[in-house]
Each structure stands twice: as structure tokens, then as C-alpha cells.
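Numbering (our numbering), first residue to last: 127 to 539.
Just so it is clear, CB atoms sit at the ideal spot from N, CA and C, and this is done for glycine as well.
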Amino acid sequence: MKYILYARKSTEEDDRQVLSIEAQLVELQEYAAKEKLEIAASFQEAKTAKEPGRMKFAEMLAILESGKADGIISWHPDRLARNSVDGGKIIHFVDRGLIRSLKFPTFWFEPTPQGLFMLNIAFGQSKYFVDNLRENVKRGLRQKIRNGVWPGWAPVGYLNNAKTRGIDVDSDKATKVKKLFEMYATGAYTLHSLANWCKEKGLRGNLGKEIALSNVQSILQNIFYIGLMKYGGEIHEGQHEPLISKKLFDSCQEVMSKRGKFHHVRKNDFAFLGLMKCASCGCSITAEKQKGHNYYRCTKKKGVCQEKHYLREEALTEQITSYLQKVSLSSQDTEKVLAALDNEQDKAREDAQSEVSVLKEQLSQVEAKLQKLLDVYLADALSTEEYAAKKQSLLSQKMSLKEKITDFETKGM
Numbered sequence: 127m128k129y130i131l132y133a134r135k136s137t138e139e140d141d142r143q144v145l146s147i148e149a150q151l152v153e154l155q156e157y158a159a160k161e162k163l164e165i166a167a168s169f170q171e172a173k174t175a176k177e178p179g180r181m182k183f184a185e186m187l188a189i190l191e192s193g194k195a196d197g198i199i200s201w202h203p204d205r206l207a208r209n210s211v212d213g214g215k216i217i218h219f220v221d222r223g224l225i226r227s228l229k230f231p232t233f234w235f236e237p238t239p240q241g242l243f244m245l246n247i248a249f250g251q252s253k254y255f256v257d258n259l260r261e262n263v264k265r266g267l268r269q270k271i272r273n274g275v276w277p278g279w280a281p282v283g284y285l286n287n288a289k290t291r292g293i294d295v296d297s298d299k300a301t302k303v304k305k306l307f308e309m310y311a312t313g314a315y316t317l318h319s320l321a322n323w324c325k326e327k328g329l330r331g332n333l334g335k336e337i338a339l340s341n342v343q344s345i346l347q348n349i350f351y352i353g354l355m356k357y358g359g360e361i362h363e364g365q366h367e368p369l370i371s372k373k374l375f376d377s378c379q380e381v382m383s384k385r386g387k388f389h390h391v392r393k394n395d396f397a398f399l400g401l402m403k404c405a406s407c408g409c410s411i412t413a414e415k416q417k418g419h420n421y422y423r424c425t426k427k428k429g430v431c432q433e434k435h436y437l438r439e440e441a442l443t444e445q446i447t448s449y450l451q452k453v454s455l456s457s458q459d460t461e462k463v464l465a466a467l468d469n470e471q472d473k474a475r476e477d478a479q480s481e482v483s484v485l486k487e488q489l490s491q492v493e494a495k496l497q498k499l500l501d502v503y504l505a506d507a508l509s510t511e512e513y514a515a516k517k518q519s520l521l522s523q524k525m526s527l528k529e530k531i532t533d534f535e536t537k538g539m
């Protein structure tokens with residue numbers, strides 16, 4: 127009888143496996159020599175057995191089906207299969223007589239009804255272990271999300287904290303990421319130009335890779351930067367510190383909704399353009415740049431105008447400055463103006479306090495709605511899709527209200 131020696135570990139990382147392939151091979155070869163078993167072929171692979179599709183496993187079955195071997199030596203049945211498809215193939219090959227013997231140093235088997243029953247149990251236990259582990263991992267991830275902790279890799283601008291298992295702001299990159307949002311919100315930058323900006327400023331992803339155009343778009347659309355997290359199609363509040371305001375984020379989404387088209391920036395910035403009319407005919411004043419200087423003139427849209435000369439910006443600045451210097455207030459008038467300003471400030475502070483109270487009341491109402499929404503969802507009165515959509519809307523309102531309250535309190539109003 128000829129045997130195929132099969133060794134497997136579930137990961138390509140050596141330090142993540144209890145028994146390495148090398149250790150399995152040594153044990154199996156010693157076992158084969160002790161039992162005087164003939165080895166026709168040997169296969170080893172570093173692939174998980176949770177899912178079917180292992181190449182070496184398929185090659186082994188092909189040899190068995192061809193009749194060039196009729197037995198398998200492996201460390202344990204879970205090395206052969208941890209899923210029902212591959213486990214079923216082994217059982218089927220035994221039933222067909224293509225596998226006449228299975229040898230395991232840690233497990234007894236013989237091709238009898240009792241042996242097949244025990245093998246089925248072994249494969250079932252392996253699958254149960256995998257399924258149970260997967261569910262435990264998923265449950266742990268869901269709990270982290272409920273606690274406001276992102277369970278995956280932090281996006282650029284943040285770092286995973288190995289000690290606290292939380293997400294910290296990356297002080298080296300956070301400022302540049304915020305600047306990225308601010309630049310895009312102006313509408314004067316394309317995704318391509320921002321990708322080039324990232325390259326020029328040395329802003330790279332957390333794995334050291336350059337930030338490509340698609341990465342820029344993902345960053346600008348990621349709600350993680352305003353303190354929210356999207357996981358499993360649902361929006362959650364995060365414990366991490368937001369890098370930008372919701373207002374800035376919304377501005378970026380508005381620009382992106384317009385397909386990120388380049389907004390033309392005026393080539394020459396003329397300080398007084400649009401502020402004056404021609405004293406002679408009342409037409410608008412236009413400006414142009416000549417030989418490094420800015421010149422202003424009448425547009426003459428109403429026809430002939432007696433103003434025929436250009437006026438340099440420096441001369442215009444002197445005229446305006448001279449006129450403004452002639453305008454002044456008496457001491458008595460100054461006191462009245464300052465008193466009026468103080469009254470306005472006091473009134474603004476009172477109005478702001480009232481506004482904060484209203485905003486806090488609205489915030490409490492939104493939080494109550496979120497709790498009520500959860501109760502309705504848990505009572506199976508809402509579909510998952512409806513719940514996710516309504517929750518996202520309420521969380522958006524909550525973020526906006528919190529930002530408004532913070533703005534009022536920060537300004538000391």
C-alpha cells in the first residue's frame with residue numbers, strides 16, 4: 127500500500143502556527159518509518175482549510191483517484207479539512223475505495239462503519255471549532271463597534287494604539303490630512319492635484335505607500351474623520367477624536383457631488399474691483415495688469431465718457447487712504463459708539479446662551495430618538511436597511527448640533 131504524506135498549516139506566518147510544517151514532516155516521517163509505510167508522494171501547503179480550493183489538496187486527491195496511491199498520512203484529520211466540502215470528499219473517497227487507509231499519529235482510523243463515524247465526528251469538530259471561532263471574532267468586533275472603537279486598521283491621520291487597543295491621532299499626518307479637506311472644499315483643486323500635493327508634502331499611507339488619486343477620494347469620503355464609523359452598512363459614533371468638522375466634511379461632499387470640476391480662480395486679484403463706479407458716467411470700473419502694475423479705468427458701457435485715462439492702483443490707494451484719514455469721531459461720539467458696541471456684545475451673549483439652551487434641548491431630543499429607534503428595531507418593527515438609514519440621518523443631526531454648541535461655547539458667547 128502506498129501513502130501520500132500531507133502536511134499543512136493555516137497561515138504563511140511562521141510565528142502564528144503551533145506546529146510548523148517542518149515539525150509535522152519530521153513527526154510524520156518518523157511515524158511512517160516506525161510503521162513501515164511506503165511514501166509515494168509528499169505535499170505541504172500553508173493555506174487555511176476553512177474554505178475549499180487548496181491546490182495541493184486537490185493534487186493529492188487526483189493522485190488517489192488515479193490509483194497511484196491509496197492512503198494518506200497526516201498529523202490529524204483537521205490538517206486535511208476544516209470545511210464540510212473537503213471533509214465530504216475524504217469520506218466519499220473512502221466509501222469508493224479510493225482511500226483504503228488513513229494514518230494519523232494523533233488519531234485512530236480504520237475503514238469500517240465505526241471508523242468512518244469517528245472520522246465524521248473529527249471533521250465535524252474541526253468545522254465547529256472554525257465556525258465557533260469565527261462567530262466569537264465577529265461578536266468581539268461588533269462589541270468594539272458598539273463601544274465606539276474601530277476594530278480595523280486606522281485610516282491615514284490616525285494610529286492604532288497597541289496598548290489601549292484604541293485609535294489615536296497621528297500628530298505627524300493629521301495636520302496634512304486636515305489641510306487636504308480644506309483645500310478640496312475651496313473647489314479650486316482636483317483629486318489629481320491633491321494626489322500630487324500629498325506626494326510633494328510626503329504624506330503617505332500608514333503602510334508607507336503613496337496616496338494615489340483613488341486614495342484621496344476615499345479619504346475625502348470617509349466619515350471616520352468627523353468622529354463616525356461605518357461598519358457592516360451601519361453608522362456608529364466613535365470614541366476617537368475628529369480631525370475635521372462636519373461642516374467642512376459636508377462642503378467637500380458638495381464639491382465632489384459636482385464631479386470635482388475645477389473652479390476657475392481669477393488670474394489677477396484686483397483689490398478694488400467691484401467697489402467703485404465711474405464718477406463721470408456711473409459705469410462700472412474695470413482693471414487690468416500691464417507691465418507689473420494694476421490699472422483701473424471706466425468700462426464706458428453707456429457710450430462716450432470724459433474719463434479717458436487709466437489710474438494706477440498705487441495712486442488709487444493713496445486717494446482712498448487720504449479720504450479715510452479725514453474721517454474721524456469726536457471723543458463724545460467715540461464713547462457712544464463703544465457703549466453701543468458693548469450693549470450689542472451683551473445682547474449677542476444673551477442670545478447665544480439662549481441659542482445654546484435650545485440646541486442642547488434639540489440634542490437631547492435627537493438622542494432620545496436614537497434610543498427609541500433602537501428599541502423599535504430590536505422589536506423587529508424595522509428592517510435593517512430602514513434602521514441604518516434613519517440612524518445615519520439622526521447621527522448626522524447629532525453631529526451638527528454638537529458642533530454648533532461647541533462653536534458657541536468656544537467663542538465665549
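Let me make sure I understand the geometry here. Which of VAL282, SER410 and LYS173 has the alpha-carbon closest to that of LYS302?
Within the sequence shown, numbered from 1, the residue matching residue 302 stands at position 176. Here the closest residue by C-alpha is VAL282.
Bridge partner(s) assigned by DSSP for ARG222:
Residue numbering aside, residue 222 sits at position 96 when the sequence shown is read from its first letter. Partner(s): none; ARG222 has no beta bridge.
Under DSSP, the beta strand (DSSP E) around ARG423 begins and ends at which residues?
Counting from 1 along the sequence shown, the entry for residue 423 is found at position 297. ARG423 -> beta strand (DSSP E) spans 419-424.
When we look at the beta-carbon of ALA133 and count the other beta-carbons within 10 Å, is it buried (16 or more) or exposed?
The residue given as residue 133 occupies position 7 in the sequence shown. Buried is the call here.
With DSSP as the reference, please indicate the residues paired to GLU164 in a beta bridge.
In the sequence shown, the residue the question calls residue 164 occupies position 38. According to DSSP, which records beta bridges pairwise, GLU164 is partnered with LYS128.
Check SER541 in the structure and name its three-state DSSP category.
Outside the shown range of the chain, which is 127 to 539, sits residue 541, and nothing can be said about it.
CA-CA distance, LYS528 and ASP294?
Walking along the sequence shown from the start, residue 528 turns up at place 402. Walking along the sequence shown from the start, residue 294 turns up at place 168. In a straight line, the C-alpha of LYS528 is about 21 Å away from that of ASP294.
With a Cβ-Cβ cutoff of 8 Å, do LEU190 and ILE225 count as a contact?
Residue mapping note: residue 190 aligns to position 64 of the sequence shown, counting from 1. Residue mapping note: residue 225 aligns to position 99 of the sequence shown, counting from 1. The answer is yes: Cβ separation under 8 Å.
For LEU242, name the three-state secondary structure that DSSP assigns.
On the sequence shown, residue 242 is found 116 positions in, with the first residue counted as 1. If DSSP states are grouped into helix, strand and coil, LEU242 belongs with the helices.
Would you mind reading off the limits of the beta strand (DSSP E) that contains TYR284?
For this step, residue 284 is matched to residue 158 along the sequence shown. TYR284 -> beta strand (DSSP E) spans 284-286.
When the Cβ atoms of the stretch 311-324 are set against those of the stretch 267-278, are three or more pairs found closer than 8 Å?
no
Going along the chain, which residues of its own chain have a beta-carbon closer than 7 Å to the beta-carbon of ALA195, five neighbours each way excluded?
Within the sequence shown, numbered from 1, the residue matching residue 195 stands at position 69. Counting only Cβ-Cβ distances below 7 Å, and skipping sequence neighbours, we find LYS128, TYR129, ILE130, ALA166, ALA167 and ILE189.
Counting pairs of Cβ atoms below 8 Å between the stretch 457-464 and the stretch 424-440, do you hit three or more?
no
ARG180 burial status per 10 Å Cβ neighbour count (16 or more: buried)
Working through the sequence shown from its first residue, we reach residue 180 at position 54. It counts as buried.
Inter-residue CB distance, SER406 and CYS431 (contact presumed, cutoff 8 Å)
Here residue 406 refers to the residue found at position 280 of the sequence shown. Here residue 431 refers to the residue found at position 305 of the sequence shown. Rounded, the Cβ-Cβ distance is 5 Å, consistent with contact.
Give the range of the alpha helix (DSSP H) segment to which GLU470 is assigned.
Taking the first residue of the sequence shown as position 1, residue 470 is located at position 344. First-last of the alpha helix (DSSP H) with GLU470: 457-504.
Could you round the C-beta distance between GLY358 and HIS366 to whole angstroms and report it? I think they count as a contact, below 8 Å.
Numbered from its first residue, the sequence shown carries residue 358 at position 232. Numbered from its first residue, the sequence shown carries residue 366 at position 240. Not a contact, Cβ separation roughly 18 Å.
To which residues of the same chain is TYR351 closer than 6 Å at the C-beta, ignoring the five residues directly before and after it?
Counting from 1 along the sequence shown, the entry for residue 351 is found at position 225. Answer for TYR351: LEU369 and ILE370, listed in chain order.
At 3 residues or longer, and completely inside the stretch 304-371: list those beta strand (DSSP E) runs for me, N to C.
354-357 and 360-363
C-alpha distance - SER519 paired with ASP395, whole-angstrom precision:
Numbered from 1 along the sequence shown, position 393 holds the residue referred to as residue 519. Numbered from 1 along the sequence shown, position 269 holds the residue referred to as residue 395. Their Cα atoms are separated by approximately 41 Å.
Would you mind working out which of PRO239, GLU185 and SER210 sits nearest GLU177, comparing C-alpha positions?
Counting from 1 along the sequence shown, the entry for residue 177 is found at position 51. That would be SER210, whose Cα lies nearest to the Cα of GLU177.
Assuming the contact rule is C-beta atoms closer than 8 Å, LEU184 and PHE249 should be a hit. Round their C-beta distance to whole Å, please.
Taking the first residue of the sequence shown as position 1, residue 184 is located at position 58. Taking the first residue of the sequence shown as position 1, residue 249 is located at position 123. Rather than Leu, the amino acid found at residue 184 in this sequence is Ala. Not a contact, Cβ separation roughly 17 Å.
Local conformation of ALA133 per DSSP, three classes:
In the sequence shown, counting from the first residue as 1, residue 133 sits at position 7. In this structure, ALA133 counts as strand in the three-state DSSP scheme.
State the DSSP-derived secondary structure class of SER227, mapped to helix, strand or coil.
What you label residue 227 is simply residue 101 of the sequence shown in a count that begins at 1. Strand, per DSSP.
Put HIS389 into one of helix, strand or coil per three-state DSSP.
If you number the sequence shown from 1, residue 389 lands on position 263. Low confidence applies here, because HIS389 scores a pLDDT of 49, under 50, leaving its location unreliable; read the following figure in that light. DSSP places HIS389 in coil when its eight states are reduced to three.
Would you mind reading off the limits of the alpha helix (DSSP H) that contains THR443?
The sequence position of residue 443 within the sequence shown is 317, counting from 1. Unbroken alpha helix (DSSP H) run through THR443: 439-451.
Going by CA-CA distance only, name the one from THR174, GLY193, LYS516 and ASP472 that's closest to HIS362.
Position 236 of the sequence shown, counting from 1, holds the residue named residue 362. Of THR174, GLY193, LYS516 and ASP472, the residue nearest in Cα terms is LYS516.
Out of curiosity, what's the CA-to-CA distance linking ALA175 and SER136?
Numbered from its first residue, the sequence shown carries residue 175 at position 49. Numbered from its first residue, the sequence shown carries residue 136 at position 10. Answer to the nearest angstrom: the Cα atoms are 7 Å apart.
Let me confirm a value: TYR284 is counted as buried when at least 16 other C-beta atoms fall within 10 Å, else exposed. Which label applies?
If you number the sequence shown from 1, residue 284 lands on position 158. Buried, since its Cβ has 16 or more Cβ neighbours within 10 Å.
Would you call LEU485 buried or exposed, if buried means 16 or more other Cβ atoms sit within 10 Å of its Cβ?
Walking along the sequence shown from the start, residue 485 turns up at place 359. Looking at its Cβ environment, which holds 16 or more other Cβ atoms inside 10 Å, LEU485 is buried.
Alpha carbon of GLU75 to alpha carbon of GLN491, nearest angstrom
The structure shown does not extend to residue 75, since the chain is modelled only from 127 through 539, so no value can be given for it.
Contact between the stretch 336-352 and the stretch 302-313 (3+ Cβ pairs under 8 Å)
yes
Figure out for me which residue from LYS299, THR312, SER146 and ASN262 has the closest Cα to the Cα of ASP376.
Position 250 of the sequence shown, counting from 1, holds the residue named residue 376. The option with the nearest alpha carbon to ASP376 is THR312.
Grab the span of the beta strand (DSSP E) containing ALA507 for me, first residue to last.
The residue labelled residue 507 in the question sits at position 381 within the sequence shown. Here ALA507 belongs to no beta strand (DSSP E), and DSSP marks it neither H nor E.
Find the nearest neighbour of TYR479 within the set THR532, LYS452 and LEU187, judged by alpha-carbon distance.
As a first step, residue 479 is located in the sequence shown; it is residue number 353 there, counting from the start. Looking at the sequence provided, one finds Gln at residue 479 rather than Tyr. Per the Cα distances, THR532.
Exposure label - VAL453; buried when at least 16 CB within 10 Å
By 1-based counting over the sequence shown, the position of residue 453 is 327. Exposed is the call here.
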